[in-house]
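Heads up: the structure comes next, in structure tokens.
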Amino acid sequence: MRTYEDTFSGARIYPGKVRSTSFPHVVRSDRKAKTRRGDGKLYVRGDSKIFRFQNGKSESLFLQRKNPRRISWTVLYRRQHRKGISEEVAKKRTRRTVKAQRGIVGASLDVIREKRNIRPEARSAARAAAIKDSKDQKQAAAAAKKAEKAKLAASAAKGQGRQVSKQGAKGAATKPKPTSR
5 MRTYEDTFSG ARIYPGKVRS TSFPHVVRSD RKAKTRRGDG KLYVRGDSKI
55 FRFQNGKSES LFLQRKNPRR ISWTVLYRRQ HRKGISEEVA KKRTRRTVKA
105 QRGIVGASLD VIREKRNIRP EARSAARAAA IKDSKDQKQA AAAAKKAEKA
155 KLAASAAKGQ GRQVSKQGAK GAATKPKPTS R
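Using my numbering, the letters of the sequence shown map in sequence onto residues 5 to 185.
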């Protein structure tokens with residue numbers, strides 16, 4: 005048999021003939037009101053939406069536009085505030101994440117651990133040596149560039165400058181000579 009939920013309270017309704025009644029015989033089990041067969045009210049709104057109510061109390065509260073989540077005896081309130089489910093469902097255990105270390109591309113786990121466990125003094129000494137090495141390389145490159153520039157300037161002073169244009173040096177085709185003039 006098809007059952008319905010009370011639109012307001014969320015309780016189950018077992019309709020036979022849905023009619024307006026007073027409620028002397030409401031069966032309660034586990035704090036959820038179960039309406040007897042044939043009991044309950046049907047409310048049809050102007051837009052033809054049907055609302056079923058267990059009793060006049062829930063109908064009245066619905067028509068007053070009360071929020072069932074704020075009324076303590078409704079199923080929605082009890083579900084929201086986790087009432088009456090402590091026996092049914094044991095507390096779920098929270099999963100703790102276990103951190104595992106592993107190597108990455110280009111460095112195995114042993115290499116990573118070794119680098120991490122280097123003393124700070126040794127690390128700073130290695131950093132200083134690397135900085136000094138890079139500075140020496142930059143100075144050597146700058147000196148070589150300066151020497152090349154001086155050599156070019158000396159050859160230009162002797163008159164052996166470039167006789168080919170930049171584009172010609174790159175391999176551009178020469179412009180054909182005009183013949184009509």
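Even glycine gets a Cβ: it sits at the ideal position worked out from N, Cα and C.
Straight-line Cα distance separating residue j from residue i
i    : j    : result
F66  : S52  : 16 Å
Q143 : A151 : 12 Å
A129 : K136 : 11 Å
K139 : A176 : 40 Å
N71  : S64  : 12 Å
A160 : V115 : 55 Å
P182 : K174 : 23 Å
T178 : A157 : 27 Å
E125 : E118 : 15 Å
A134 : R127 : 11 Å
Residue i, buried or exposed, once every other Cβ within 10 Å from all chains shown has been counted against 16
i    : result
G110 : exposed
A147 : exposed
T78  : buried
S169 : exposed
G44  : buried
K21  : With a pLDDT of 44 at K21, under the threshold of 50, the predicted position of this residue should be treated as unreliable, and no value is reported.
T11  : buried
I89  : exposed
I17  : buried
Residue(s) in a DSSP beta bridge with residue i
i    : result
A111 : I108
S16  : The residue asked about is misnamed: residue 16 is Arg in this sequence, not Ser. E9, per the DSSP bridge assignment.
L46  : R56
Expected contact under 8 Å - CB spacing of residue i and residue j to nearest Å
i  : j   : result
Y8 : R83 : About 18 Å separates the two Cβ atoms, so there is no contact after all.
Short Cβ contact (8 Å threshold) for residue i with residue j
i    : j    : result
S76  : S13  : no
A15  : Q68  : no
R86  : L80  : no
R106 : L113 : yes
Residue i at chain B interface by Cβ criterion, 8 Å
i    : result
V115 : The structure shown contains no chain B, having only a single protein chain.
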